[in-house]
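**Student:** This is the structure I have questions about; it appears just below.
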Amino acid sequence: MCDQTFVAITFGPCDSCGNPSPLMNIYIKSEAINYCSFCVEMMACRGLQKGESLATLKTESDTLKKKLEEERGKLNDVELHQVAEKIEVLNPLSVKTRRVMKGHTNKVLCMDWCSDKRRLVSSSQDGKVIVWDAFTLNKEHGLALPCTWVMACAYAPSGCAVACGGLDNKCSVIPLSLDKNENLAAKKKSVAMHTNYVSGCTFTNSDMQMLTSSGDGTCALWDVESGQLLQSFHGHTADVLSLDFAPSETGNTFVSGGCDKKANVWDMRSGQNIQSFESHESDINCVKYYPSGDAFASASDDATCRFYDLRADREVSVYKKDSLIFGASSVDFSMSGRLLFAGYNDYTINVWDVLKGTRASILFGHENRVSKVRVSPDGTALCSASWDNTLRIWA
Amino acid sequence: MTIRTVRPDHVQHIRPRMHCLKKLEAIVVEMQDPTSGVKGSEQKLNVTTIPHVITGKDIIAWIVNKMKTPTEEANVFGTMLVAYGYIYPLQNHRKLIMCNDNSLYRFQTPYFWPSQKWLAEDTDYAIYLAKRNIRKKGMLEPYEQAHYNHLHKWLNHKWDFIVMQATEQYRAGKERKKPDRVVFDCQERAYWILNRPPRHTHSAMDCGPERLVDPDEDQIISFDQYRRMNVFFQQAIMRSKVKSSVSLGALVKYITTYKTHDPFLAPCLPSNPWQTDIDAYWTLNMRRVDLPTKMRVERWSFSLFELLTDLRGRDDFKIFLKKEFSGENLAFWEAAEELKWGTASSMRTKAETIFKTFLAPGAPRWINIDGRTMGLTVKGLEHPHRYVLDAAQTHVFLLMKKDTFFRYLKSPVYKDIQKKALNPEPQNFSPAQLEQNAQNRSVGIHPIILWKQEEEEKAKAAAASAPVDVKAMMSKIDRKK
């Protein structure tokens, strides 16, 4: 089982107000209680009690932080590279460019694969969103959005719609059609509304719900049909740059990474921040779950990629090299989880051996920074989007 | 409507890159070391002799030696040095790349380094263009002319000042020695190519939109924020964790299990469509095939999650459950999934249907879950919420995972499909055949069509398995009579 959230009671009557709602499992004076998110907020915002002051709260915070580190350290009985010693070395990889997709007239910022493993959607700085059949290189649909810097785009699980958002502070869903001449922009529907740019969006397990991350420091879960905000997630203290939905049996968590150098894991039902990792030295540009859902990787402007184990609650590996000094913008795992593809701002893609921590290969070809890398749903190819206006398929 | 957010200047063009710029600068300083750095020489450019000129070849050789990387990677690193403006090319000055040959380069003066905190202002650019205009007697390059016209219009109120500055700088430049002037002109030109790149070229100074929050600013944390942090830390401390040996062992096990299924590590049969331009691999693994491939069937045995996520596998599992007359658990799980991921407006009706079908006493497909979970669920259904069935759904899933799934793997249904599963031969193509394949790439079926087919099939299946409404049946029989 991937996430532990299933064992806790997450829906029922709140211990404080009694209303049935999704519950956060918290501790007050070492006693386990279940509060709804509203009651937690009320508790946090009530005035300073007798004997409490800003200083006492700060010392309590520092003590707890140290205790958490201690608890994490107690279970640290082996390192990843030790476990990896018994694994055989990878065969040399021969990965070549199989397609170069030209069509955008400005930087390509984001792309996402369709579940049919051959189509993809890409968005660029000039507001254009293109749906391609990457196998035949056909451009199936093209839309022009009224805003620039479309930083987030996603393909719906059914393959019938795409979502995109960016500097317009919104994320919109556009249903696709079989008719190539249809004006898709007319059917565009605004779903997410943030107070700053939308940096990432993804559908959950169906076309009906969407998760977005924004420059205003929050993430949110939306109902696509009505545009209703189902849950918001507060905890980052700076812009949130990326998010990823967990591929787990229960489908209840997602991870987000932001400019505050933190990667947070959230419970989608209650809005609670359940785990947090702060070991990067600069902005986290991308976070991506390991295929089993028990771990995730992050890419940052400090030129390293890091690997975090969720069950042991700690960072287990750092992927870095002296010759790599430019920020990593995007990461994705291969299907088995053995390879980690990372796109960098020095125009290359480095392929890391996740277990051994060494670099397995380096892919050249782009003429400007690589903004996004994504492995196709069946693992047969890697697509990279770049600021040189092209996308490349590697296999 | 675009919401115009006033974007604060948090030195976005510098901040995320300061990390790498500092390291770059350290290397650039090393490269200029008189003894251990790159060897420069004097070169004649047009009529003047320019000092401290280096060749691309020498730079790359130095990088290879210093960083112990292969030539291609050193070339990339060299290109980044040029793209960020630490080194500029003398010939072909508009293309900011490093060439591994005798192309000539020079080190940029620290005054013009990108890590200097001041922005390349439009006013400065206007002064530069005006100066160039004077020197070239009106013959600016087309993109420069376009910029000039644009700035002339927008900075018209300052134009006298700009022209005055430009004239002053031009006169001051004339008083310098010729080689110094040429060198300075080259440096300034390189700086502006970097900050105002010509059309259809790239500059590393490009960066994304400004960030909202300045993380370098000292944060004043209020008492409610501390309270929230403390709540987080306490639950994080109490959260049960697993020993590293166990969790890392599980990760390694996952990799080993899926090793042969990863197309980057093992060949996929019959062939990887991206490599051979034949999409047989996708047609063989479509949603509704009569016979799946052996690899696909093997994948179903890895976990219940894999079996259920692959809808073809789920079908096979349903066949098994039908034989065992225990299909209600999976049906409940599917219905709960639909509730969880469905639209907000359909929740109430779905919750009622699920209650009537699976949970009510005497329901047609009653599921057997423990009393406590049943009690919580029924109570929660009074005010339906999308996560109201979570406890029951997890209970049912665990039941299936720990018991039914393993019985399925040992059952004749699974063994039968394993035997019948296809094992396609690996395809090998000659270069001529590959050329042909590339000309005839198949279009496949559009996902929208497949989705419509899926929905029709689902509706048919739901109608077939719906509990029989006895009253309706009776009235139909009566009418027939």
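Protein chains in written order, with the numbering used here: chain L, 1 to 395; chain S, 1001 to 1481.
From the three backbone atoms N, C-alpha and C, an ideal C-beta is built for every residue, glycine too.
Comparing C-alpha positions only, which one of L:Q275, L:S376 and L:S199 sits nearest to S:F1232?
**Tutor:** Taking the first residue of the second sequence as 1, we reach residue 1232 of chain S at position 232. It is L:Q275 whose Cα lies nearest to the Cα of S:F1232.
**Student:** Pick out whichever of L:V162, L:M208 and L:C219 has its Cα sitting closest to the Cα of L:S242.
**Tutor:** Here residue 242 of chain L corresponds to residue number 242 of the first sequence, with the count starting at 1. Distance from the Cα of L:S242 is smallest, within the candidate group L:V162, L:M208 and L:C219, for L:C219.
**Student:** Measuring only the C-alpha atoms, how far is L:H366 from L:D388?
**Tutor:** Position 366 of the first sequence, counting from 1, holds the residue named residue 366 of chain L. Position 388 of the first sequence, counting from 1, holds the residue named residue 388 of chain L. Using only the alpha carbons, I get a separation of about 7 Å.
**Student:** On a Cα-Cα basis, can you pick out the residue from S:L1090, S:D1160 and S:H1147 that is closest to S:R1189?
**Tutor:** Your numbering for residue 1189 of chain S matches position 189 in the second sequence. Ranking S:L1090, S:D1160 and S:H1147 by Cα distance to S:R1189 puts S:L1090 first.
**Student:** Quick one: residues in its chain with C-beta nearer than 6 Å to the C-beta of L:I33, no 5 flanking neighbours on either side, listed in chain order?
**Tutor:** Along the first sequence, one-based indexing puts residue 33 of chain L at 33. Result list for L:I33: D15, in chain order.
**Student:** Below 8 Å on C-beta distance, what does S:S1430 contact in chain L?
**Tutor:** Taking the second sequence and counting its residues from 1, the one referred to as residue 1430 of chain S is at position 430. Those do not exist, as S:S1430 stays about 18 Å from chain L at its closest Cβ, beyond 8 Å.
**Student:** Contact criterion: CB-CB distance below 8 Å. Does L:P377 meet it with respect to chain S?
**Tutor:** Residue mapping note: residue 377 of chain L aligns to position 377 of the first sequence, counting from 1. No, its Cβ sits nowhere closer than 8 Å to a Cβ of chain S.
**Student:** Let me see if you follow: with CB-CB separation under 8 Å, is L:I398 close to chain S or not?
**Tutor:** Since the first residue of chain L shown is 1 and the last is 395, residue 398 of chain L is not available in this structure.
**Student:** Looking at C-beta atoms only, is the number of pairs between the region 1412–1429 of chain S and the region 255–271 of chain L that lie closer than 8 Å three or more?
**Tutor:** no
**Student:** Measuring CB atoms only, is the region 311–322 of chain L touching the region 1241–1258 of chain S, in the sense that at least three cross pairs come out at less than 8 Å?
**Tutor:** yes
**Student:** What is the DSSP secondary structure of L:W394, counted as helix, strand or coil?
**Tutor:** Position 394 of the first sequence, counting from 1, holds the residue named residue 394 of chain L. L:W394: strand per DSSP, three-state reduction.
**Student:** To the nearest angstrom, report how far apart S:E1042 and S:T1048 are at their CA atoms.
**Tutor:** Along the second sequence, read from residue 1 onward, the residue named residue 1042 of chain S stands at position 42. Along the second sequence, read from residue 1 onward, the residue named residue 1048 of chain S stands at position 48. Distance between S:E1042 and S:T1048, taken at the CA atoms: about 10 Å.
**Student:** List, in order along the chain, the chain L residues whose C-beta lies closer than 9 Å to that of S:G1056?
**Tutor:** As a working note, residue 1056 of chain S is residue 56 in the second sequence. The premise fails here: S:G1056 is roughly 17 Å from chain L at the closest Cβ pair, so nothing lies under 9 Å.
**Student:** Would you mind sorting S:P1070 into buried or exposed? The rule is 16 or more other CB atoms within 10 Å of its CB.
**Tutor:** On the second sequence, residue 1070 of chain S is found 70 positions in, with the first residue counted as 1. S:P1070 sits exposed, since fewer than 16 C-beta atoms from the chains shown fall within 10 Å of its C-beta.
**Student:** State the CB to CB distance for the pair L:D116 and L:G159, rounded to an integer number of angstroms; the pair is presumed to be in contact (CB under 8 Å).
**Tutor:** By 1-based counting over the first sequence, the position of residue 116 of chain L is 116. By 1-based counting over the first sequence, the position of residue 159 of chain L is 159. Yes, they are in contact, since the Cβ atoms of L:D116 and L:G159 sit about 6 Å apart, within 8 Å.
**Student:** Could you tell me which of S:K1476, S:Q1439 and S:I1477 sits nearest to L:T136, measuring between CA atoms?
**Tutor:** Start at 1 with the first residue of the first sequence, and residue 136 of chain L comes out as number 136. The shortest C-alpha separation from L:T136 is found at S:Q1439.
**Student:** Just reading off the beta strand (DSSP E) that L:V331 is part of, what are its end residues?
**Tutor:** Taking the first residue of the first sequence as position 1, residue 331 of chain L is located at position 331. A328 to F333 is the extent of the beta strand (DSSP E) around L:V331.
**Student:** Just checking: is the beta-carbon of L:C160 within a distance shorter than 8 Å of some beta-carbon in chain S?
**Tutor:** Walking along the first sequence from the start, residue 160 of chain L turns up at place 160. Yes - at least one Cβ of chain S is within 8 Å of the one on L:C160.
**Student:** Just the C-alpha distance for S:T1002 and L:A185, rounded to the nearest angstrom, thanks.
**Tutor:** Along the second sequence, read from residue 1 onward, the residue named residue 1002 of chain S stands at position 2. Along the first sequence, read from residue 1 onward, the residue named residue 185 of chain L stands at position 185. Unreliable placement is indicated for S:T1002, whose pLDDT of 40 sits below 50; the coordinate value is still reported in the next sentence. S:T1002 and L:A185 have their C-alpha atoms spaced approximately 16 Å apart.
**Student:** So with CB distances below 7 Å, who are the chain L contacts of S:E1072?
**Tutor:** Residue mapping note: residue 1072 of chain S aligns to position 72 of the second sequence, counting from 1. Result: F364.
**Student:** Helix, strand or coil for L:S386 per DSSP?
**Tutor:** Position 386 of the first sequence, counting from 1, holds the residue named residue 386 of chain L. Here L:S386 sits in strand by DSSP.
**Student:** Is any beta-carbon of chain L found at less than 8 Å from that of S:T1005?
**Tutor:** Here residue 1005 of chain S refers to the residue found at position 5 when the second sequence is read from its first residue. Any answer about S:T1005 is weak, because its pLDDT of 48 lies below 50 and its placement is not dependable; what the coordinates show is given next. By this cut-off, S:T1005 is an interface position.
**Student:** What are the start and end residues of each continuous beta strand (DSSP E) run of 3 or more residues lying completely inside the region 1084–1108 of chain S, in chain order?
**Tutor:** 1087–1089 and 1104–1107
**Student:** Could you tell me the alpha carbon to alpha carbon distance between S:K1350 and L:P20, rounded to whole angstroms?
**Tutor:** For this step, residue 1350 of chain S is matched to residue 350 along the second sequence. For this step, residue 20 of chain L is matched to residue 20 along the first sequence. So the two alpha carbons sit approximately 18 Å from each other.
**Student:** Report yes if the CB atom of S:V1064 is closer than 8 Å to the CB atom of L:D346, and no otherwise.
**Tutor:** Position 64 of the second sequence, counted from the start, is the residue given in the question as residue 1064 of chain S. Position 346 of the first sequence, counted from the start, is the residue given in the question as residue 346 of chain L. Not a contact, by the Cβ cut-off of 8 Å.
**Student:** Which residues in the same chain as L:Q125 place their Cβ atom closer than 7 Å to its Cβ, once the five residues preceding and following it in sequence are excluded?
**Tutor:** By one-based count along the first sequence, residue 125 of chain L stands at place 125. Same-chain partners within the cutoff: N106, K107, L109, T148 and W149.
**Student:** Counting only the same chain and skipping the five closest in sequence on each side, list residues whose C-beta sits under 7 Å from that of L:A161.
**Tutor:** One-based indexing of the first sequence puts residue 161 of chain L at position 161. Excluding sequence neighbours, L:A161 sits near V173, I174, P175, L176 and D207.
**Student:** Could you tell me the boundaries of the alpha helix (DSSP H) in which S:Y1254 lies?
**Tutor:** Your numbering for residue 1254 of chain S matches position 254 in the second sequence. First-last of the alpha helix (DSSP H) with S:Y1254: S1244 to Y1258.
**Student:** How big is the Cα-Cα spacing for S:K1322 and S:E1306?
**Tutor:** Reading the second sequence from its first residue, position 322 is the one you call residue 1322 of chain S. Reading the second sequence from its first residue, position 306 is the one you call residue 1306 of chain S. About 20 Å.
**Student:** For S:T1376, does the count of other Cβ atoms within 10 angstroms reach 16, so buried, or fall short, so exposed?
**Tutor:** Here the question's residue 1376 of chain S lines up with position 376 in the second sequence. This sequence places Leu at residue 1376 of chain S; Thr is not what is there. Around the beta carbon of S:L1376, 16 or more other beta carbons lie within 10 angstroms, which makes this residue buried.
**Student:** On a CA-only basis, which of L:D77, L:N138, L:Q49 and L:T63 is nearest S:V1242? Give me that one, please.
**Tutor:** Counting from one through the second sequence, the residue named residue 1242 of chain S turns up at place 242. Cα-wise, what sits closest to S:V1242 is L:D77.
**Student:** Can you give me the C-alpha to C-alpha distance between L:N91 and S:A1280, rounded to a whole angstrom?
**Tutor:** Position 91 of the first sequence holds residue 91 of chain L. Position 280 of the second sequence holds residue 1280 of chain S. Those two C-alpha atoms are separated by around 26 Å.
**Student:** May I have a chain-ordered list of the alpha helix (DSSP H) segments no shorter than 4 residues that lie completely inside the region 1129–1181 of chain S?
**Tutor:** 1142–1154 and 1159–1174
**Student:** Are any of the Cβ atoms in chain S nearer than 8 Å to that of L:P92?
**Tutor:** Taking the first sequence and counting its residues from 1, the one referred to as residue 92 of chain L is at position 92. Taking Cβ atoms only, chain S never reaches closer than 8 Å to L:P92, which makes this a no.
**Student:** Enumerate, from N- to C-terminal direction, the unbroken beta strand (DSSP E) stretches of 3 or more residues contained entirely within the region 1390–1430 of chain S.
**Tutor:** none
**Student:** Could one say the Cβ of S:G1113 lies closer than 8 Å to chain L's Cβ atoms, at least one of them?
**Tutor:** Locating residue 1113 of chain S in the second sequence gives position 113, counting from the first residue. As written in the sequence, residue 1113 of chain S is Trp, which differs from the Gly given in the question. With 8 Å as the cut-off, S:W1113 does not count as an interface residue toward chain L.
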